[in-house]
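Mapping the sequence shown onto my numbering, position 128 (from 1) lands on 130, and the numbers just tick up by one.
Some notes on the structure that comes next.
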Amino acid sequence: MTTGKADVTVRGLIDDDWADVRRIYAEGIATRNATFETSVPPRRTLERKWLSAHRWVAEVDGLVAAWAAVTRVSDRACYAGVGETSVYVATEFQGRGIGTALLHKQVSAADEGGLWTLQTSIFPENGASLALHHAAGFRTVGVRERIARLDGRWRDTVLLERRSAAFS
């Protein structure tokens, strides 16, 4: 899929992308405003965790610039259509609309793939990610205060969700 930006292509993640995906993930971890993770999980862990039909990368001029993935929130059948989203854009590509293109693909694929709710938790300090998700139709459900510690410090997260119109 090519987006409105001529130099951005969004496609499914392939084996050759894993080094770039893990590098971009490490950049996000280093900011301390993207995740509670403190190190990049092994590839095999991510492969088991992320839904195989909901793993995407965005390329700019042939380079992997960003990735997005969906994780099932529960193994219980009643939550089969609920997924937790992750979107990471490499530092040098931020602010160029790449996250928008990637999240658009992720939302469209979720709707087509039977996911009725996408949710995500974002640190309140990550204004760019909050704006990106709100622009993609996510709404703030609430703030989870002091939900977990990162580097010994309690952190809040903003819980957002998007419901598919197909399942309303």
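All residues carry an ideal CB built from backbone N, CA and C; glycine is no exception.
With a cut-off of 8 Å on Cβ pairs, the segment 20-28 is in contact with the segment 62-80, counting three or more such pairs. Excluding five sequence positions before and after residue 86, the CB atoms of its chain that fall closer than 6 Å to its own CB belong to 73, 75 and 121, given in chain order.
Excluding residues up to 5 positions away in sequence, 35 lie with their Cβ nearer than 6 Å to the Cβ of residue 127 in the same chain. Nearest in C-alpha terms to residue 161, of all of 149, 12, 107 and 104, is 149. Between residue 169 and the set 141, 119, 153 and 124, the nearest pair of CA atoms involves 119.
A direct Cα-to-Cα measurement between residue 41 and residue 92 gives close to 16 Å.
Residue environment analysis places residue 81 among the exposed positions, since fewer than 16 neighbouring C-beta atoms fall within 10 angstroms of its C-beta.
As for any alpha helix (DSSP H) of minimum length 4 sitting wholly inside the segment 34-90, the runs are 45-51, ordered along the chain. In terms of Cα proximity to residue 10, the closest of 142, 97 and 167 is 97. DSSP, reduced to helix, strand and coil, places residue 158 within a strand of the structure shown. Contact between the segment 46-56 and the segment 135-151 is absent: fewer than 3 CB-CB pairs across the two stretches fall below 8 Å.
Short of 6 Å from the beta carbon of residue 147, and not among the five residues preceding or following it, lie these beta carbons of its own chain, in chain order: 158. For residue 102, the enclosing alpha helix (DSSP H) has its first and last residue at 100-114. Going by DSSP, residue 123 is part of the beta strand (DSSP E) stretching over 119-124. Non-local C-beta neighbours of residue 156 in its own chain, meaning closer than 7 Å and more than five positions away in sequence, comprise 148, ordered along the chain.
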